Structures are given as C-alpha cells and as structure tokens.
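As given, the protein sequences belong to chains A and B, one line each in that order.
The first sequence begins at 4 in my numbering and counts up by one.
The second sequence begins at 18 in my numbering and counts up by one.
To start, the structure itself, in structure tokens.
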Amino acid sequence: MKLSSIIDNFGSASFVKGAVDPVTPHNTQQAQRKAAMAVLAHAEAGEIAARLRNLALPAHQDLRSPENGLVMLRGRVGGDGAPFNLGEATVSRAAVRLASGEVGFGYTLGRDGEKARLIALCDALVQSRDFGPAVERDVIAPLREQLMIRREQAAAETAATKVDFYTMVRGEG
Amino acid sequence: MTTIAELPPGFADKVLSAQSTFRSVMDAMARPGSVQRIVPMAGAPGVMMRGTAAIALTLFDHDTPLWLDARMSESSDVTKWLKFHTGAPVVQDSSIASFALVSDGGALPPLERFALGSSEYPDRSTTVIIQVDSLTSGRSFELRGPGIDGVATLPASIKPFDLFERLRMNEALFPRGIDVVLVADDAVVAIPRTIRVVSKGS
Chain A
4 MKLSSIIDNF GSASFVKGAV DPVTPHNTQQ AQRKAAMAVL AHAEAGEIAA RLRNLALPAH
64 QDLRSPENGL VMLRGRVGGD GAPFNLGEAT VSRAAVRLAS GEVGFGYTLG RDGEKARLIA
124 LCDALVQSRD FGPAVERDVI APLREQLMIR REQAAAETAA TKVDFYTMVR GEG
Chain B
18 MTTIAELPPG FADKVLSAQS TFRSVMDAMA RPGSVQRIVP MAGAPGVMMR GTAAIALTLF
78 DHDTPLWLDA RMSESSDVTK WLKFHTGAPV VQDSSIASFA LVSDGGALPP LERFALGSSE
138 YPDRSTTVII QVDSLTSGRS FELRGPGIDG VATLPASIKP FDLFERLRMN EALFPRGIDV
198 VLVADDAVVA IPRTIRVVSK GS
C-alpha cells in the first residue's frame, strides 16, 4: 500500500524549537504539535512508551490502526533547484482518538507501527486541555532534552575531526 | 458538518479483518447465491451497512474510482469516512467507476451507465454493491451458472424489483458485463455476470 501523501524534503522538516507563533491560539497549537512531532519522530518507541506509562491515560481508540506504506522522497538538483524523485522511504502512520474527541496523527520513518501509534496518542494528548501540559512536561520535554544532548554530542564529535587546510595555501606569497 | 473527531473507526485489526472480509466476498463470488457472513466489524457511517463498510475498507483504495448513489453522496459522514479510511476518489461519471455503492436500490440508474469493461479487459467493469433489505426472506429467485450445482435458490427482498431482469443484459454482453454484490447488514450474496436468474415469485 502506498500512502497518499508525498512528503517534500522530509529531511529538512527536522527540529523546530521555539517556532511558536504567538498570534493566534490556533497557530500556537499547530506549532506546539509540530514541535512535539519533531521530537517524537526521533525518539525510540520504547522511550515514549516508558514515559507515557507514568501518566494516567484517558480512554482512547485507534481511528486508523497502524499501517506501513511508502512515501516518495523528493530532492532538489542543479542550480535552479529542480525537483527530482530521490527514492521511496518506508513510513508508518496511525490515528488515535481520545474519548474527549481529540484526534492525533502519527507519521514516522520505518516500519514501527507501535511507534506511530504512540506518536498519534501523544499528538492527541497534546491537543487536550487536561493532558496537554502534563504530556509536554513529562514526555516531550525530557525526550527533547535527550535529543538535544545526542545532537550536541554528534556535533562535537564531528567538530573534533575538522581539518584546517591553512598549510595548503602557504608559500604563494 | 462532520469532523474527523466524529468519524467511525476502521478495522481494529487491519490485515486479518481485511483478509477475512476478502475471503467472504471471494466465497460469495465463487458460489453465487450462497449467503456469506462478514465477521470483522468496523464502524459504519450514516446510511452504510456494516457489511458494506467492511467491503469498502477491504477493496477500495486510491486506484479504484468510486461512484456513490444520491443518498450516499448526500451524506457527508459517508464521503468523509470513505476518504479518510480508503482514499478512493469519488467520481460523478459512473462509466469510469471501479465500484458503485448503492444504498437506495429504487434509484439505481440504468446499468448501461456503468463501466462494462472492454473485450480486451472485461475486468475493467464496475462492481455494483447494492444494499438490500433482506437476503433470507422475500421473493425466491432461481440462479443457474458456473459455481452452482444445478439450481440455487435465493430468497431476497431487493430493490429495484426488476434488478435481475435488468441484469439479463449480461447475457448479450459476455465476456463484458456487470458484477453485482448484494449486502444486507452483515450478509453478502454475489451475482457475477455469468449467472442467470429466474424469478420464482414468493
């Protein structure tokens, strides 16, 4: 089965921190969900599940049970940035509905359907007035911190391998 | 106005439910006139019966253009549910539809308006799914054809009353033609294009 959506520049949809639009509540919530999604997509299913276990979860049901599919990854090439199809990537998706009516969607790279379901559940909880703050505090914030630490570590490790080529240009003058 | 928050859910267990429903429909097609039950249950929106909903979740996807009769297409519950769970495009032109969903058999358009397939590709015809009142009581019909040992008897109360007379056009069209699936709640009967039906009265 092929998922109907095409995600353009999936890689660039990475971490969005502090991109909260303060103008309207709608935008705020959208930005909050986007930020949560950016963290959850990079977390392990086990980590999310472990943190959700500490919360008293409301009743919920699978609106769309987890399923796997393919999305076409598109890149840009050449000076004018013409789009081309790079290849297809496996994606899992799910949708969860809380008893109070909020619907959450989860999309993640790979075949881990359970992770997609957990992300959808978190997305629904983030929208809920009663659970939003608790999920943000107990699930997403710690995961975000972990993610930042991992990123900084990787950046530091990469930076340590930096080579200075200043000797190459000497001798001309 | 229906929001996603109010949509009935799809199958609880997608793969096994779809396999089981597919098996029921396949058996119904292989043994025309026999009543098959659809076991897995999904939420059914609006005027859609639960058997129809299960068939929709099993057979429809973005490659199968879908034609809805007036009563189905009026219901935003049904169209949104189909869009969310199956992704099948709903078309106005019944002659390009892979499937047609009919909840009000009385308003069934002339069958010639559906896709009849071509001689090269007779499979590219519309499968018409009609919701009927009952497949266990009503007028008796005698069915003959491949998949039936002799004669099969089907008691059914269906609309339109002259459905099987209209389906006689399949005799002249073969190998082209229309396949019909009758659904009453969770019961399914298929009338493939090879089947000849004689009304016996009640």
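We put the beta carbon where it would ideally sit given N, CA and C, even for glycine.
Bear in mind that the values here come from a model prediction, so they are computed numbers and not experimental data.
{"Item": "Please return the same chain residues whose Cβ sits closer than 6 Å to the Cβ of residue 214 of chain B, not counting the five positions on each side in sequence.", "Value": "158, 160 and 181"}
{"Item": "Residues of the stretch 53-85 of chain A with a CB closer than 7 Å to any CB of chain B: list them in chain order, please.", "Value": "64, 65, 66, 67, 68 and 70"}
{"Item": "Checking 7 Å against the spacing of the C-beta atoms, do residue 143 of chain A and residue 42 of chain A come in under that value?", "Value": "yes"}
{"Item": "Along the chain, where does the alpha helix (DSSP H) that runs through residue 188 of chain B open and close?", "Value": "186-190"}
{"Item": "Excluding five sequence neighbours on each side, which residues of the same chain lie with their C-beta closer than 7 Å to the C-beta of residue 239 of chain B?", "Value": "The shown model of chain B, from 18 to 219, leaves out residue 239 of chain B, and the question about it has no answer."}
{"Item": "Consider the C-beta atom of residue 83 of chain A and the heavy atoms of the ligand SAH; say whether any pair is separated by less than 6 Å.", "Value": "Ligands are entirely absent from the displayed structure, and the ligand SAH is therefore not among its contents."}
{"Item": "Below 6 Å CB to CB, which residues in the same chain sit around residue 135 of chain A once its five sequence neighbours on both sides are set aside?", "Value": "129"}
{"Item": "Report, in whole angstroms, the separation of the C-beta atoms of residue 105 of chain A and residue 131 of chain A, which I expect to be a contact under 8 Å.", "Value": "5 Å"}
{"Item": "By a C-beta neighbour count over all protein chains shown, 10 Å radius and 16 as the cutoff for buried, is residue 89 of chain B buried or exposed?", "Value": "buried"}
{"Item": "DSSP three-state label for residue 169 of chain A, please.", "Value": "helix"}
{"Item": "Measure the C-alpha to C-alpha separation of residue 30 of chain B and residue 144 of chain B and round it to an integer number of angstroms.", "Value": "26 Å"}
{"Item": "Using alpha carbons as the reference points, say which of B:76, B:66, B:69 and B:62 lies closest to residue 36 of chain B.", "Value": "B:76"}
{"Item": "Anything in chain A within Cβ reach of residue 44 of chain B, meaning under 9 Å, just list it in chain order.", "Value": "What residue 44 of chain B touches in chain A: nothing, since even the nearest Cβ is about 24 Å away."}
{"Item": "Within 8 Å, do at least three Cβ pairs link the stretch 57-73 of chain B to the stretch 200-212 of chain B?", "Value": "yes"}
{"Item": "By Cβ distance, which residues of its chain are closer than 7 Å to residue 137 of chain A, with the 5 residues on each side in sequence left out?", "Value": "58"}
{"Item": "Just to confirm before moving on: does the CB-CB distance between residue 101 of chain B and residue 59 of chain B stay below 7 Å?", "Value": "no"}
{"Item": "At least one CB of chain A closer than 7 Å to the CB of residue 205 of chain B: is that the case?", "Value": "no"}
{"Item": "Please return the same chain residues whose Cβ sits closer than 8 Å to the Cβ of residue 129 of chain B, not counting the five positions on each side in sequence.", "Value": "186"}
{"Item": "Is the Cβ-Cβ distance between residue 211 of chain B and residue 162 of chain B less than 7 Å?", "Value": "yes"}
{"Item": "State buried or exposed for residue 131 of chain B, treating a residue as buried only when at least 16 other CB atoms are found within 10 Å of its CB.", "Value": "buried"}
{"Item": "Measuring straight from C-alpha to C-alpha, what distance separates residue 73 of chain B and residue 135 of chain B?", "Value": "25 Å"}
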